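What follows is one structure encoded as structure tokens, with my remarks underneath.
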Amino acid sequence: MEQKRYGHFDDQHREYVITDPQTPWPWINYLGNEDFFSLISNTAGGYSFYKDAKFRRITRYRYNNVPMDNGGRYFYIKDGDTVWNPGWKPCKTPLDFYECRHGMSYTRITGCKNGVEASVLFFVPLKKWCEVQKLTLRNTTKESKQLKLFSFEEWCLWNAATDMENFQRNFSTGEVEIEGSTIYHKTEYRERRNHYAFYHVNTEIQGFDTDRETFVGLYNEFADPQAVMEGKPRNSHAHGWSPIASHYIEVTLQPGEAKDFVFLLGYIENEQDKKFAAPQVINKEKAHALIAQLDTTEKVDKAFAELCEYWDALLNIYKVKTGNDKLDRMVNIWNQYQCMVTFNFSRSASFFESGVGRGMGFRDSNQDLVGFVHQIPPRARQRIIDIASTQFPDGGCHHQYQPLTKRGNNDIGGGFNDDPCWLIFGTVAYIKETGDFSILDEMVPFDNQPGSEVTLFEHLKISMDHVINNLGPHMLPLIGRADWNDCLNLNCFSWDPNESFQTTENVSEGTKAESLMIAGLFVVTGKDYVALCRKIGKDAEADCMQQAVDAMVEAVKKHGWDGEWYLRAYDFYGRKIGSNECDEAKIFIESQGWCTMAEIGAEEGLVAKSLDSCKKYLECEHGMVLNNPAFSKYIYEYGEISSYPEGYKENAGIFCHNNPWVIIGECLAGRGNDAWSHYAKILPSYVEEKYQTLHKVEPYVNCQMVAGKDAFKPGEGKNSWLTGTAAWMWYTVSEFILGIKPDYDGIRIDPCLPETATDYVVSRKFREAEYEITIHPNGQQKGVKQIVLDGQKVDGTVIPYAPGKHTVEVTM
Ligand code: GLC
Ligand code: GLC
């Protein structure tokens, strides 16, 4: 059944165009690429922060509010008695026209009412610490228009967590300064903060407000602020309470006339000895300088053009032309874009992640960088070093770290035994992309302790060793607090609802809890590690690890096979999990994914059987569920996984993140039809065509979880944007389906396609080279018959790297 549609793709402009503001859920976008970031919804809701959504929140946002998506950058236009906003909210005055275009790091929202068109372009210029809001007002009528324009931002008192709870203090600390058309927010600047924010407009203002209560009215709302409704700013000066920033501008527009206004939301840091211009007066030099760089339409347009060129260049690195628009737009635009966003934010700030709970994840960030490394390798390099610096000397790792301090987060600690392996996964991807082996010699500390530095290679080694040193009774890896599945807590045993499943480990002495997911992960990354060691001449180390890998393969075959699929784990007491013998959750996806990617028992037919079982038991209309059947009750021995109702999250939800693991397993097994059908089920562009209303969340990116077949509403999506799904979808389609795989010495070409696939072309920039690769599938799902590079036949499937432009013809 076709469902109501709220928008459509515009591939030419690389935009998603939303045509109805009342989307089934706020459909958001991200602004900013490095230090200054903003989240923006299709009605201009959201907030900004500098580097860290918890510790440096610039504007305030209220999550899970009524109405939904409350707080943002709002422009109120008062035209006679009508007050409206270009993005419909918060006034919700019906508009004559509404459109929101989410593009690559920018959003343009346009609204029209009574002959006035208001269009706002939001973006964060490259290398600048500010959000630009370029508002264009146009009079499309034959009469002149007298408009009253009010801007609005609400300041957050920097620490987003205490901002939401420490009111006895917060209501007394707020401070601002006003200078011309700039409102400065300087709460806590008098003491330990060396930073302030400002909101500026490049025109003279006729009034302002900085105190929320005065502007809005205590019993009014964002939808009807008193100052706006009465058309009269109060020129209020905030002392404590809730500081805001609102400019008031009187605008006259002749028939046909248009005017631009550049609003700037900026962030400034000052040196300790240059904080003040005079007692109690902040030093505004840097703010003035920043404003001067963006105070005209021309300067702003130039900064915007630079941002667009930046994205052109990034999206030129890997481009495909298959003739299937739905595939091409995901590969060429949205999947790569989402990879940048997950690389930047890990799991910290979205409309489902409040920005206060979680920093950067050790495993999450390593996976994210695999989707991003081809775009800006130096940033991936730095990320690897940052992550490795939070590792402990025994190879274990802090599970998360804060982006501002880059320090491990002690609240959550370590003990997630899959974590170390991901460092190999990330580092190998980086070296294969760049050929930069020097990263292995970088000196990297443990737990950020100066003086503890060893080489990055040494970190990789102890990561592998950590698994080997933590084997259980079946010689399979001990799971610790959890493996990739944060909710399989086999040493937790909690009856106390106030305990966190992630950090509670009530009993672990004498545990027999082992993970087949880590076993598969160890074999995959172990093979990579062996190949890397050989490459750098560490043959003894390679031999040694090969033995450990072989032993793990044997252990899986012996103790990890259930007859039709791989077991999931052994519990604390050594009992099977994910076995036909279990009452519920007889089969889990993670071990099928990792053990088929590791090709464990392929010759004996285990891989094919496991993949068939995924189709038989896990697959449904919307993708593959995590486990089947779902848990129907809480199981004390298993932890959080069974706490979720059936079909949601880790209890038999379609956890999109792990679908690609099985898809890669399918690709390695050469089953292109199956790989494609699994892939298309969770590909946003296919979902958007059929299920906009049911799916609810943004149709241009993947979400973490789609409700599974046992759920109340199968197919409903949640937790959009920040999910490892982005990187895994990219890795799967770019390297395994389309088959263009970076390797140490060149590019390996080995596609796995549905038999309906037709000829396609991939343009790939790789180090100092540029390849134009044409693939002729000839109805084959797998198997490269011939590669011709610049007219010469190549032996094998790797085209050897050489700088310059090359043409490649591949026949399957
Ligand atoms: C979340 C976490 C990730 C974890 C997954 C499964 O996405 O960010 O680290 O692996 O859930 O529990
Ligand atoms: C919960 C979620 C899981 C997430 C974890 C992070 O367990 O179900 O997806 O990874 O929280 O702490």
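In terms of the numbering used here, the sequence shown has 523 at position 536, counting the first letter as 1, and numbering is strictly consecutive.
Glycine is no exception: its CB is placed at the ideal position from the N, C-alpha and C atoms.
Bear in mind the structure is a predicted one, so any value in this text is a computation, not a measurement.
Cut-off 7 Å between Cβ atoms - residues of its own chain near residue i, not counting five sequence neighbours on either side
i: A245; result: T123, L124 and R125
i: K792; result: E757
i: T128; result: G102 and P242
i: K133; result: The residue you asked about is not Lys; residue 133 is Gln in the sequence shown. T239, listed in sequence order.
i: G401; result: F379, G383, C384, H385 and H386
i: S495; result: N478
i: L391; result: K38, D39, F42 and R43
i: E140; result: T46, R60, Y186, I231, A232 and L252
i: E130; result: P242
i: Y388; result: G346, M347, T377, R394, G395 and N396
Beta-carbon proximity check, residue i vs residue j, cutoff 9 Å
i: V781; j: E759; result: no
i: Y186; j: G253; result: yes
i: H763; j: T710; result: no
i: A639; j: L613; result: yes
i: T190; j: H224; result: no
i: T745; j: V797; result: no
i: L655; j: V749; result: no
i: P729; j: K769; result: no
i: I564; j: L475; result: yes
i: Y3; j: F24; result: no
i: Y93; j: L294; result: yes
i: D558; j: K499; result: yes
i: C408; j: S376; result: no
i: A617; j: A556; result: no
i: L26; j: A232; result: no
i: T414; j: I371; result: yes
i: Q767; j: M799; result: yes
i: I64; j: K114; result: no
i: G652; j: Y678; result: no
i: F291; j: V119; result: yes
i: A31; j: D355; result: no
i: L314; j: S721; result: no
i: N457; j: N493; result: no
i: F250; j: K121; result: yes
i: A367; j: Y417; result: yes
i: I587; j: G657; result: no
i: I523; j: L427; result: yes
Beta-carbon contacts of residue i that lie in its chain and below 8 Å, excluding the five residues immediately before and after
i: I669; result: H609, G610, I641, C643, N646, N689, V693, T712 and M716
i: D406; result: F349, R350, G383, C384 and H386
i: V536; result: F509, V510, G513, K514 and V517
i: W228; result: F158, G161, D198, R199 and E200
i: P484; result: none
i: P790; result: R754, E755 and A756
i: Y621; result: S629 and S630
6 Å CB neighbourhood of residue i in its chain, flanking five on each side removed
i: I650; result: A662, H665, Y666 and T719
i: V343; result: K41, A147 and A148
i: F339; result: N706
i: G98; result: P73, L82, Y85 and A105
i: E256; result: N181 and H182
i: M462; result: A542
Residue i: CB within 8 Å of a non-hydrogen atom of ligand 4
i: G348; result: Among the ligands modelled here, namely ligand 1 and ligand 2, ligand 4 does not occur.
Can you list every residue whose CB sits closer than 6 Å to some heavy atom of ligand 2, going in chain order? Output, sorted by chain position: D473, C474, Q489, E627, K636 and E637.
Stretch-stretch touch, CB-based, cutoff 8 Å, three pairs: the region 601 to 619 with the region 694 to 701: Taking a contact to require three or more Cβ pairs closer than 8 Å, the region 601 to 619 and the region 694 to 701 qualify as touching.
Kindly provide the ranges of any alpha helix (DSSP H) runs that are 4 or more residues long and lie completely inside the region 735 to 782, ordered along the chain. Entirely contained in the region 735 to 782, not one alpha helix (DSSP H) run reaches 4 residues.
Specify whether the region 543 to 551 and the region 432 to 447 touch according to this definition: at least 3 beta carbon pairs, one from each stretch, less than 8 Å apart. No: fewer than three Cβ pairs fall under 8 Å.
At least three beta-carbon pairs within less than 8 Å, the region 104 to 113 to the region 203 to 223: The region 104 to 113 and the region 203 to 223 do not touch, with fewer than 3 CB-CB distances between them shorter than 8 Å.
Please give the ranges of any beta strand (DSSP E) in the region 25 to 78, keeping only runs that are unbroken, at least 3 residues long and fully inside the region. DSSP runs (the beta strand (DSSP E)) wholly in the region 25 to 78: 33 to 37, 44 to 46, 61 to 66 and 69 to 71.
Runs of beta strand (DSSP E) wholly within the region 462 to 507 (minimum 3 residues, chain order): Correct list: empty.
Using a Cβ distance threshold of 8 Å, determine whether the region 68 to 75 contacts the region 14 to 25, with at least three qualifying pairs required. Here the region 68 to 75 makes no contact with the region 14 to 25; the two share fewer than three CB pairs at distances below 8 Å.
I want to know whether the region 202 to 213 touches the region 302 to 311 - three or more CB-CB distances under 8 Å. Result no; under three Cβ-Cβ pairs closer than 8 Å.
May I have a chain-ordered list of the alpha helix (DSSP H) segments no shorter than 4 residues that lie completely inside the region 588 to 624? For the region 588 to 624, whole alpha helix (DSSP H) runs of length 4 or above, ordered along the chain, are 593 to 600.
The region 45 to 57 contacting the region 345 to 364, beta-carbon criterion three pairs below 8 Å: Contact between the region 45 to 57 and the region 345 to 364 is absent, because fewer than three Cβ pairs lie under 8 Å.
Secondary structure, alpha helix (DSSP H): runs of 4+ residues fully inside the region 398 to 464: The DSSP assignment places 406 to 421 and 443 to 455 as complete runs of the alpha helix (DSSP H) inside the region 398 to 464, in order along the chain (cut-off: 4 residues).
Any chance you could list the alpha helix (DSSP H) runs of at least 4 consecutive residues sitting entirely within the region 672 to 712, in chain order? For the region 672 to 712, not a single whole alpha helix (DSSP H) run of length 4 or above is found.
Let me know the alpha helix (DSSP H) ranges lying completely inside the region 107 to 175, each 4 residues or longer, listed in chain order. If you keep only unbroken alpha helix (DSSP H) runs of at least 4 residues inside the region 107 to 175, you get 147 to 150 and 154 to 160.
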